[in-house]
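Engineer: Per our numbering, residue 686 is the first one in the sequence shown, and the count goes up by one each step.
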Amino acid sequence: MRITIAQGAFLPVPPTHGGAIEKVWFQLGKLFAAKGHDVTHVSRLCDDLTTEETIDGVRHFRVPGYSTPASIWKLKFLDLLYSRKVKRALPEADILITNTFWLPIILKDLSKGLQYVHVGRFPRGQMRLYKGAARLHAPSSAIAEAIRSEVPRFADRVRSIPYPLPWKPLALDKVTVPRDRTILYVGRIAPEKGLDLLLRAYVALPEELRGKWKLRIIGPSKVSQGGGGRSYLGRLRERAAAVASRVEFQGPVFDESKLRAELLRASLFAYPSMAEQGETFGLAPLEAMSCGCPPLVSGLACFRDFIEPEKDGFVFDHKANFPADVLSLKLRNLLESPDKLKKIIEPVLRKATEFEAPRIADIYLADFKELLETNTS
């Protein structure tokens, strides 16, 4: 098959600036090429990247993009400008995977491939505009259901296929216990991620218990990288001021080997996202699971695809009247019960193996094949 992946306007590929979606499709493109398919990846030109190059069998074409603006309206306008450039750069293909708001709307040329619209954000009314899409792809069953609710007439075009892990899960015989007494968060430093909640929950722990456990927060805070900006980071530091010696703000870690090392050392991964209309899959908790680090997540629907409470992860009720208190109580229960954390490592790793990249890539390729057979018969 001839497969084109059209990435968004604001982050480059390879994902040197981070970005879960950029990381996922960069990885999948290489796996598609390894299976003998003709793969082209169109993405943002920036930094020292070249206009064209080949990486692991994938041809990369790049067009100028933009830094992420604070205004959503400006973001959509810049996405339109970028999508028009991408449209001119697209080669002929069988399948076209889109990751921009505007490209599926403005592209009418069927020679560029059947439109495989990746819905990497919670739908907000735009699905009805994608009349030309052969597939509306959701990374989780929660997003798939939201798409079907928004456009019931397109229900048969919706398919949920998860994101793959970026690495092979840790083998059971490689698990090391005990680990560092660290509660780890990895993700964007943004208000919707529930970090203020996490800090309040941590501060509320009994002093003796808190003195034994550190809280480590890793991720970008710059607006251009999806963060909440310097002022938001400052507010979080103020929240942690009373326990500053026990809370670390690391900044972003984009190097996969370094990130994996962090996940292999931590005893608990906390991901208290409050983004009811934003969180689409939750790759970060799954990455933690693949390293044998048990996740503690909010009750968002997207996490249900890979976390069953108390079986292969832990969940707190983020909709409770006092969610910080609920999270603090859950933290206390886990930190005072190291056997509970140790016992769950094996099922956590078993669940993670279901998301190994080669297996997930084959599911995508089977879906592409089905679409081509359906649309040419």
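Glycine is no exception: its CB is placed at the ideal position from the N, C-alpha and C atoms.
Helix, strand or coil, according to DSSP, for Gln811 in the structure here?
Structural biologist: Locating residue 811 in the sequence shown gives position 126, where the first residue counts as 1. Gln811 falls in the helix class under three-state DSSP.
Engineer: For Ala641, name the three-state secondary structure that DSSP assigns.
Structural biologist: As shown, the chain starts at 686 and ends at 1062. That puts residue 641 outside it, with no answer to give.
Engineer: Tell me which same chain residues have a C-beta within less than 6 Å of the C-beta of Leu696, skipping the five on either side of it?
Structural biologist: Sequence index remark: in the sequence shown, residue 696 carries index 11 (1-based). Excluding residues within five positions, the ones whose Cβ falls inside 6 Å are His702, Gly704, Glu707.
Engineer: What does the alpha-carbon distance come out to for the pair Asp881 and Val748?
Structural biologist: Residue 881 sits at position 196 when you count from the first residue of the sequence shown. Residue 748 sits at position 63 when you count from the first residue of the sequence shown. Approximately 38 Å between the Cα atoms of the pair.
Engineer: Can you name, in chain order, every residue of its own chain whose Cβ lies under 6 Å from the Cβ of Ser693, other than the five neighbours on each side?
Structural biologist: Taking the first residue of the sequence shown as 1, we reach residue 693 at position 8. The sequence shown places Gly at residue 693, rather than the Ser named in the question. Same-chain partners within the cutoff: Asn784, Thr785.
Engineer: Counting Cβ pairs closer than 8 Å, one from the stretch 904-919 and one from the stretch 838-854, do we hit at least three?
Structural biologist: The stretch 904-919, when compared against the stretch 838-854, does not touch it at the 8 Å Cβ threshold.
Engineer: Tell me, please, which residues DSSP counts as bridged to Lys1025.
Structural biologist: On the sequence shown, residue 1025 is found 340 positions in, with the first residue counted as 1. In DSSP, Lys1025 forms no bridge with anything.
Engineer: For Leu1020 versus Phe999, is the C-beta distance shorter than 8 Å?
Structural biologist: Reading the sequence shown from its first residue, position 335 is the one you call residue 1020. Reading the sequence shown from its first residue, position 314 is the one you call residue 999. It is not a contact, given that the beta carbons lie outside the stated cut-off.
Engineer: Which partner residues does Glu892 have in the DSSP bridge list?
Structural biologist: Translated into positions along the sequence shown, residue 892 becomes position 207. Looking at the DSSP assignment, Glu892 forms no beta bridge with any residue, so it has no partner.
Engineer: Which runs of the beta strand (DSSP E) at least 3 residues long sit entirely within the stretch 776-836? Give them in chain order.
Structural biologist: If we require 3 residues or more, the beta strand (DSSP E) runs fully inside the stretch 776-836 come out as 780-783, 799-803, 818-823.
Engineer: The alpha helix (DSSP H) with Tyr917 in it runs from where to where?
Structural biologist: Taking the first residue of the sequence shown as position 1, residue 917 is located at position 232. Looking at the DSSP string, the run of the alpha helix (DSSP H) that includes Tyr917 is 915-924.
Engineer: Check this for me: beta carbons of His822 and Val836, under 8 Å apart or not?
Structural biologist: In the sequence shown, residue 822 corresponds to position 137, counting from 1. In the sequence shown, residue 836 corresponds to position 151, counting from 1. Cβ atoms of His822 and Val836: not closer than 8 Å.
Engineer: Does the stretch 943-950 come into contact with the stretch 855-875, if we say contact requires no fewer than three beta-carbon pairs (one atom in each stretch) closer than 8 Å?
Structural biologist: Flag = yes, the stretch 943-950 and the stretch 855-875 touch.
Engineer: With distances taken between CB atoms, is the gap from Leu855 to Glu1031 smaller than 8 Å?
Structural biologist: Against the sequence shown, residue 855 aligns to sequence position 170. Against the sequence shown, residue 1031 aligns to sequence position 346. Result no, Cβ atoms of Leu855 and Glu1031 do not sit closer than 8 Å.
Engineer: When DSSP builds the beta bridges, which residues end up paired with Pro957?
Structural biologist: To locate residue 957, count along the sequence shown from 1; it is residue 272. According to DSSP, Pro957 bridges with nothing at all.
Engineer: Just to check my reading of the structure: Asp779 and Arg687 have Cβ atoms closer than 8 Å, yes? What is that Cβ distance to the nearest angstrom?
Structural biologist: Taking the sequence shown and counting its residues from 1, the one referred to as residue 779 is at position 94. Taking the sequence shown and counting its residues from 1, the one referred to as residue 687 is at position 2. At roughly 5 Å, the Cβ-Cβ gap stays under 8 Å, so Asp779 and Arg687 are in contact.
Engineer: Is Ser983 helix, strand or coil by DSSP?
Structural biologist: Indexing the sequence shown from 1 puts residue 983 at position 298. Strand at Ser983.
Engineer: Taking the C-alpha atoms as reference points, what is the distance between Leu763 and Ile791?
Structural biologist: As a first step, residue 763 must be located in the sequence shown, where it is residue number 78. As a first step, residue 791 must be located in the sequence shown, where it is residue number 106. Their Cα atoms are separated by approximately 14 Å.
Engineer: Please confirm whether Leu799 and Ala819 have their CB atoms less than 8 Å apart.
Structural biologist: Indexing the sequence shown from 1 puts residue 799 at position 114. Indexing the sequence shown from 1 puts residue 819 at position 134. Closer than 8 Å, so yes.
Engineer: Identify the continuous alpha helix (DSSP H) that holds Glu1058 and give its terminal residues.
Structural biologist: Residue numbering aside, residue 1058 sits at position 373 when the sequence shown is read from its first letter. 1042-1061 is the extent of the alpha helix (DSSP H) around Glu1058.
Engineer: Ordered along the chain, which non-local residues of its own chain (more than five positions away) have a Cβ less than 8 Å from that of Glu941?
Structural biologist: For the purposes of this step, residue 941 is taken as the residue at position 256 of the sequence shown. Closer than 8 Å at the Cβ level, and outside the excluded window around Glu941, lie Pro851, Trp852.
Engineer: What are the residues that DSSP puts in a beta bridge with Val724?
Structural biologist: As a working note, residue 724 is residue 39 in the sequence shown. Answer by DSSP bridge pairing, in chain order: Ile688.
Engineer: Pick out whichever of Phe954, Ala889, Leu766 has its Cα sitting closest to the Cα of Ile1029.
Structural biologist: For this step, residue 1029 is matched to residue 344 along the sequence shown. Nearest of Phe954, Ala889, Leu766 to Ile1029, Cα basis: Phe954.
Engineer: Where does Val804 land, buried or exposed, given buried means 16+ other C-beta within 10 angstroms?
Structural biologist: Indexing the sequence shown from 1 puts residue 804 at position 119. So Val804 ends up on the buried side.
Engineer: Is Phe991 helix, strand or coil by DSSP?
Structural biologist: Translated into positions along the sequence shown, residue 991 becomes position 306. Here Phe991 sits in coil by DSSP.
Engineer: In chain order, what are the residue ranges of uninterrupted alpha helix (DSSP H) at least 4 long that sit wholly in the stretch 846-894?
Structural biologist: If we require 4 residues or more, the alpha helix (DSSP H) runs fully inside the stretch 846-894 come out as 880-888.
Engineer: In terms of alpha-carbon separation, which member of Ser958, Gly936, Val771, Phe839 lies closest to Ala691?
Structural biologist: In the sequence shown, the residue the question calls residue 691 occupies position 6. The option with the nearest alpha carbon to Ala691 is Val771.
Engineer: When the Cβ atoms of the stretch 889-901 are set against those of the stretch 1006-1022, are three or more pairs found closer than 8 Å?
Structural biologist: Verdict: yes, contact present.
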